[in-house]
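Participant: Those letters in the sequence shown? Residues 1 to 253, per full-length UniProt numbering, in order.
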Amino acid sequence: MTRLTSRSFLHLMPEEVGGQFLSPFFAHVVSTERDTVRFRGLEGGEGTVPRSVASSRTISAAVVKKVGHVSPCRQPVMVTTSTQFLHSQVTRVNVDGVTVESDGTEVEAAFDNVKEVAPVVALLLQKVVFEKSVWSSGEVSELHVTILNRVLGREGCIATRDVSDILDGLIEEECFPEGQSDCAWIDPKSGQNTQFELQHAVDFAYYIDGKGDRGHEMVGRSFCVPPYDDGIDTGENQGSEAHEGPLITDDEC
1 MTRLTSRSFL HLMPEEVGGQ FLSPFFAHVV STERDTVRFR GLEGGEGTVP
51 RSVASSRTIS AAVVKKVGHV SPCRQPVMVT TSTQFLHSQV TRVNVDGVTV
101 ESDGTEVEAA FDNVKEVAPV VALLLQKVVF EKSVWSSGEV SELHVTILNR
151 VLGREGCIAT RDVSDILDGL IEEECFPEGQ SDCAWIDPKS GQNTQFELQH
201 AVDFAYYIDG KGDRGHEMVG RSFCVPPYDD GIDTGENQGS EAHEGPLITD
251 DEC
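1. Throw me the rounded Cβ distance for the Leu86 and Val100 pair, which I believe falls under 8 Å.
2. Taking Val30 as the reference, which of Thr91, Ser6, His11 has the closest Cα?
3. I'd like to know if the region 151-161 and the region 181-190 are in contact, where contact means that at least 3 CB-CB pairs between them fall below 8 Å.
4. At 4 residues or longer, what runs of the alpha helix (DSSP H) sit wholly inside the region 53-113?
5. By the three-class DSSP mapping on this structure, what secondary structure does Asp35 have?
6. Does the contact criterion of 3 or more C-beta pairs under 8 Å hold for the region 196-211 versus the region 137-145?
7. Measuring alpha carbon to alpha carbon, tell me which residue in Glu46, Leu10, Ser8, Arg38 is nearest Phe21.
8. Please return the same chain residues whose Cβ sits closer than 8 Å to the Cβ of Leu4, not counting the five positions on each side in sequence.
9. With DSSP as the reference, label Glu142 as helix, strand or coil.
10. Can you list, in chain order, the stretches of the beta strand (DSSP E) that have 3 or more residues and sit fully within the region 121-202?
11. Here's the rule: buried if 16 or more other CB atoms are within 10 angstroms of the residue's CB, otherwise exposed. What is Glu172?
12. Say the cut is 7 Å; is the CB of Ser31 nearer than that to a heavy atom of the ligand PLP?
13. Let me confirm a value: Tyr228 is counted as buried when at least 16 other C-beta atoms fall within 10 Å, else exposed. Which label applies?
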């Protein structure tokens, strides 16, 4: 664990700082008091945390420089293993890489083998096996783009919320997930475990990302929190929204 100083970098969780950030983030110490530490997020925003929290969330400057300014903790990703391409959520981050959960099994991966993807992409493909003997990384990445184009109505595609239409011709039909299938996710903002139907995540991308604010009341505040569970304060993020790029800490997230 890196010692806390007035020059320290931190890896903080939104629920530790009052929920003003949307996902785990890096920050640097601005000042220290006896019981509190003031920080400024590397992507914007600032606040204070108890000194005990800051001490438990320190990371080295070398680590921040190595992997960039944006944390992959709780982000949707594609992970490249020795044999497959997996889609899931980062559940833990340490100095060597990340951990994701795939079909009930924890999988560890180096940062170079982790690529952030859109939530709807990760959830639609979470239970699909992409063997490296059949698929290349470029082919899977092209599939990601096509899925987003079909959900959001880009590049000449007619926007659709139908899972079968979204995946038509991209993977075997027997691999299509059901829109009513249950998904489990860690809410990036609250850190709480959530459960929701896949269709909710598709609807959120379709209405919010594809059509602006239309349908917002119907789909709730987040792709992983359906309206009937939407009881968490959604205070605006003082930093930026989640960006692509792996990030690392000395602690688990």
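Cβ atoms here follow ideal geometry from the backbone N, Cα and C, with glycine treated the same way.
Facilitator: In terms of the structure at hand:
1. Yes, they are in contact, since the Cβ atoms of Leu86 and Val100 sit about 7 Å apart, within 8 Å.
2. Answer by Cα proximity: Ser6.
3. Taking one beta carbon from each stretch, the region 151-161 and the region 181-190 have fewer than 3 pairs nearer than 8 Å; the two do not touch.
4. Entirely contained in the region 53-113, the alpha helix (DSSP H) runs reaching 4 residues are, in chain order, 61-67.
5. Per DSSP, reduced to three states, the secondary structure at Asp35 is coil, with no helix or strand assignment.
6. Here the region 196-211 makes no contact with the region 137-145; the two share fewer than three CB pairs at distances below 8 Å.
7. The candidate whose alpha carbon is nearest that of Phe21 is Glu46.
8. Val29, Thr32, Val37, Arg51, Ala54, Ser55, Thr58, listed in sequence order.
9. In the three-state scheme derived from DSSP, where H, G and I count as helix and E and B as strand, Glu142 is classed as helix.
10. Counting only unbroken stretches of 3 or more residues, the beta strand (DSSP E) elements lying wholly within the region 121-202 are 182-186, 193-197, in sequence order.
11. Looking at its Cβ environment, which holds fewer than 16 other Cβ atoms inside 10 Å, Glu172 is exposed.
12. The ligand PLP is not part of the structure shown, which contains no ligands of any sort.
13. By the 10 Å Cβ count, Tyr228 comes out exposed.
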